[in-house]
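*Asks:* In the UniProt record's numbering, the protein residues as written are 1 to 703.
Backbone N, C-alpha and C define an ideal beta-carbon position, used for all residues, glycine too.
No experiment lies behind these values; they were computed from the predicted model shown.
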Amino acid sequence: MRGWLTQRGQPVAAAMNHAGHDMHAMHAKMGMATPEQMAELAAARGPAFERLFLQRMITHHEGAVTMAEELLDRAGSAYDPTLYEFVNELINEQKAEIKRMTATLVGLTDDPRTGLKPGFRNAGQAIRGLQLVASLPKPTGFFDPANPGDLPPKKPAKKVKGKAVPAAATAADAGGESRNPLLSFANTDMAFSGDLLAVGNYHGFNLYRLQPAGAPQLISSVICPGGQGDLSIVGNILVMSVEQRRGRVDCGRQGVRNDVSAERFRGLRVFDIRDPARPVQVGQVQTCRGSHTHSVVSGDGKTGSVIVYVSGTAGVRKGEELKGCVGDVPGDPRTALFRIDVVEIPVADPARARIIDSPAVFADNATGSLAGLWQGGDHGEGTQDTSRTDQCHDITVFPSRKLAAGACSGNGVIFDIANPRKPKRIDAVVDPTFAYWHSATFNNDGTKVLFTDEWGGGGRARCRVQDPRNWGANAIYDIVDSKLRFRSHHKLPATQGEQENCVAHNGSIIPVPGRDLFVQAWYQGGISLTDFTDSARPAEIAYFDRGPLDSEHLVTGGFWSAYWYRGQIYATEIVRGLDVLALQPSAQLSANEIAAARLADYGDRFNPQQQFPVTWPDHPVVALAYLDQLERSRAVPAATLAELRQLLTQAAASMDARRGDRITATRLDALAAGLRVPASDALASTRAAALGSTLKGIAAKLR
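Dropping the structure here:
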């Protein structure tokens, strides 16, 4: 660069004082390590040093690529052939070096999930703390028979002076650009009711009958394109989100050609699934931004009405197509941006479903400005470029606490839903490491919220060795006096490759008493189970992963959602189908804890954005689960543990035989009253109190 400037008679700046990391802006763009990072590197030894050094160097080289690319954006820079050649050579050299260092760094990891064999049906697998019970491919009609793995199509060969040029060469000449299929057949979210499982898809949905063991049985398939196809079930009503412009009122597959059309449908579809073998569309609610996701807030689906919050994230429709829709018009308070829609579905007549309100939930309470929260952009040096808050992606409701948690593009929000028809914002937070607030999950008692960041939109490789550990991750908050208090970040610990789209996505609580466990989908990063009982110290305790779909191309795939229901984990795989998994005992999760989770009572349905508190029966296995936790933390004397285990074994035998046992009951009562744990251990105290209550309940049943 100095030579190029000298040849053109341009001033040449003095060399930078790299030892002092001069020029603050240059420091950030070049990815140079901070003093804190250098100190961390100096303290590392052996393989830890090698990993850290390579991570820092990869970041440094990526900074060089960014600066070179920005140079070409300068007016006139691309017209100088010498500069253009210089910059492109620099970029190619830096990328090649990044590739070499990445391969070296990947080789230093001992996690079996890294470097798995790619493939559609024959990919390598890594599993710990889980068992793969069943894998179902997508039903007929929900994949392209000529390309079931959704691989990018080969570009047609072109002719040069009468000779055919191979497609690979054509692609290379075009800069290697590939054309991937649309998400036309992507599996998406799930909903459960009784023994019914509904699996959403951009092409419609499929209904399955759950089995006591093994794979669910397909009941029916409904082709009704429009995406995303997120679902909820309330009574005999199935609600489906639609946002794509190809969605049609009649569920047709031909799409909609005109820019403005009465045939187009974007919003909420309502189906009657009284006969699951023959679902019937019985209601529709058109919305200005479509429905990316939705949340069932209230209603049992038997009488009265069902209230639903609709989250639209797409562009605003033209007013000529749907009356009242106003887009991004500066100063126009009628805009459909910065709002959610509240929909009422009368159970007796779903055809009368309608929007009853579109509250401006992000408004500034002082000025009334609709854009009252994050305005978009970065938060300073080394931070994310966070989306503007003009939408919620997910809103998870916790009706028993009259709370909802919203992952709202640029903010994490909690709402008061005491009046479900009139949600009110009560707190909002920002996170400089978040690109897009995507989803929210409460813990079992509604005192914590786990938010996810969908950095890259779900279609990018964001779990590589060089990616920041707190970007595209979970953020865990405690709710204290109706305020969100940040505690920690947590990201999938396993390194994923360049061909694997990976970022935090959808999951649910696993109802182990005394613990906060979260099973979660990470797209092609697989499934991970996190213990966030200690909000400040989350840790992974189980996982399942497959290799990438393809060895050369990043094909958008992997797990969309992973949810616990009736003792098993069900996971939708975008391309491959549906997986069923079961928990396995390990050092981090006991057989008693797993058995206790199977006894949990959380109602007879599960919708992704609706949570109810879980309860457990007074049963010996539940008490044993608490005992295992207290033993793990060494909070109870060994003699007490041994006596309680013996008594609980006797109690279980008596209860199974349906006979009384006053002697065991009396002793259980005495031990419950005398349980003592260190006063300084708040978690052990909580578990001991729950154990004592369970012991008394068991004793009462034995009398």
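Output needed for A699: all residues of its chain with C-beta closer than 6 Å, excluding positions within five of it in sequence on either side, in chain order.
*Replies:* The answer, listed in chain order, is A665, L668 and D669.
*Asks:* Assuming contact is defined by CB atoms lying nearer than 7 Å, are C288 and A336 in contact in what I supplied?
*Replies:* Contact: yes.
*Asks:* Using the Cα positions of E498 and V106, report the straight-line distance between them to the nearest angstrom.
*Replies:* The alpha-carbon atoms of E498 and V106 are separated by roughly 11 Å.
*Asks:* Just tell me which of D534, T303 and L630 has its CA closest to the CA of V677.
*Replies:* The shortest Cα separation from V677 among D534, T303 and L630 belongs to L630.
*Asks:* With 16 as the cutoff for other CB atoms within 10 Å, does P11 come out buried or exposed?
*Replies:* By the neighbour-count rule (16 or more Cβ atoms within 10 Å), P11 is not buried but exposed.
*Asks:* Looking only at its chain, what residues have a beta carbon closer than 7 Å to the beta carbon of R388, apart from the 5 residues adjacent to it on each side?
*Replies:* Cβ within range, chain order: W374, Q375, G376, S409 and G410.
*Asks:* Tell me the rounded alpha-carbon separation between S439 and N187.
*Replies:* Distance between the alpha carbons of S439 and N187: 18 Å.
*Asks:* Three Cβ pairs or more, each shorter than 8 Å: is that satisfied between the segment 455-467 and the segment 418-428?
*Replies:* Short answer: they don't touch.
*Asks:* I'd like to check one pair, L624 with L647: are the Cβ atoms closer than 7 Å?
*Replies:* Contact flag unset, no.
*Asks:* How far does the beta strand (DSSP E) with P47 in it reach, from first residue to last?
*Replies:* Where P47 is concerned, there is no enclosing beta strand (DSSP E), although the alpha helix (DSSP H) it sits in stretches over G46 to L72.
*Asks:* Which stretch, first to last residue, makes up the beta strand (DSSP E) that contains G412?
*Replies:* Start and end: N411 to D416.
*Asks:* Per DSSP, M190 is paired with what?
*Replies:* The partner list for M190 (beta bridge, DSSP) reads V199.
*Asks:* Once DSSP output is grouped into helix, strand and coil, what is the label at V614?
*Replies:* Looking at V614 - three-state DSSP - the assignment turns out to be coil, as it is neither helix nor strand.
*Asks:* Using 8 Å as the cut-off, can you tell me whether the segment 593-613 makes contact with the segment 520-528, which would need three or more C-beta pairs spanning the two stretches below that distance?
*Replies:* Output reads no: the segment 520-528 does not touch the segment 593-613.
*Asks:* D416 and A407: beta carbons closer than 7 Å?
*Replies:* No, Cβ-Cβ distance for D416 and A407 is not below 7 Å.
*Asks:* What number of angstroms, rounded off, separates the C-alpha of A672 from the C-alpha of Q650?
*Replies:* Distance between the alpha carbons of A672 and Q650: 16 Å.
*Asks:* Among the candidates H292, D73, R257 and D272, whose CA atom is the shortest distance from the CA of R266?
*Replies:* R266 has its Cα closest to that of H292, out of H292, D73, R257 and D272.
*Asks:* Bridge partners of V622, per DSSP?
*Replies:* DSSP, once it has assigned bridges, lists no residue as partnering V622.
*Asks:* Have a look at V256, Q284, Y202 and F86 and flag the residue whose alpha-carbon is nearest the alpha-carbon of A351.
*Replies:* Closest by alpha carbon: Q284.
*Asks:* Please state whether DSSP places S135 in a helix, a strand or coil.
*Replies:* Of the three classes helix, strand and coil, the one that applies to S135 here is strand, per DSSP.
*Asks:* Distance check for G514 and A690, CA to CA, integer angstroms please.
*Replies:* So the two alpha carbons sit approximately 8 Å from each other.
*Asks:* Confirm, please, whether the CB-CB distance from G301 to I237 is below 7 Å.
*Replies:* Cβ distance < 7 Å, so I237 and G301 count as in contact.
*Asks:* Out of Q384, A475 and A371, which has the shortest C-alpha to C-alpha gap to Q391?
*Replies:* Among Q384, A475 and A371, the Cα nearest to that of Q391 is on A371.
*Asks:* Which class does D550 belong to by DSSP, given the choice of helix, strand or coil?
*Replies:* Coil, per DSSP.
*Asks:* Using the rule of at least 16 other Cβ atoms within 10 Å of the residue's Cβ for burial, across every protein chain shown, is V260 buried or exposed?
*Replies:* That one is exposed.
*Asks:* Please determine, among P511, E381 and A123, the residue with the shortest C-alpha to C-alpha distance to V614.
*Replies:* Out of P511, E381 and A123, P511 has the C-alpha closest to the C-alpha of V614.
*Asks:* Take the Cβ of M101 as the centre, count every other Cβ of all protein chains shown within 10 Å, and call the residue buried at 16 or more, exposed below.
*Replies:* Buried, because 16 or more other Cβ atoms sit within 10 Å of the Cβ of M101.
*Asks:* Taking 7 Å as the threshold (beta carbon to beta carbon), is T694 in contact with chain B?
*Replies:* Structure shown: chain B not included; a single protein chain is present.
*Asks:* Please determine if the segment 561-580 and the segment 483-493 are in contact, where contact requires at least 3 C-beta pairs separated by less than 8 Å.
*Replies:* No, the segment 561-580 does not touch the segment 483-493.
*Asks:* Assuming V343 and A405 are in contact, meaning their beta carbons sit under 8 Å apart, how far apart are those beta carbons, in whole angstroms?
*Replies:* In fact, because the Cβ distance is near 19 Å, the residues do not count as touching under 8 Å.
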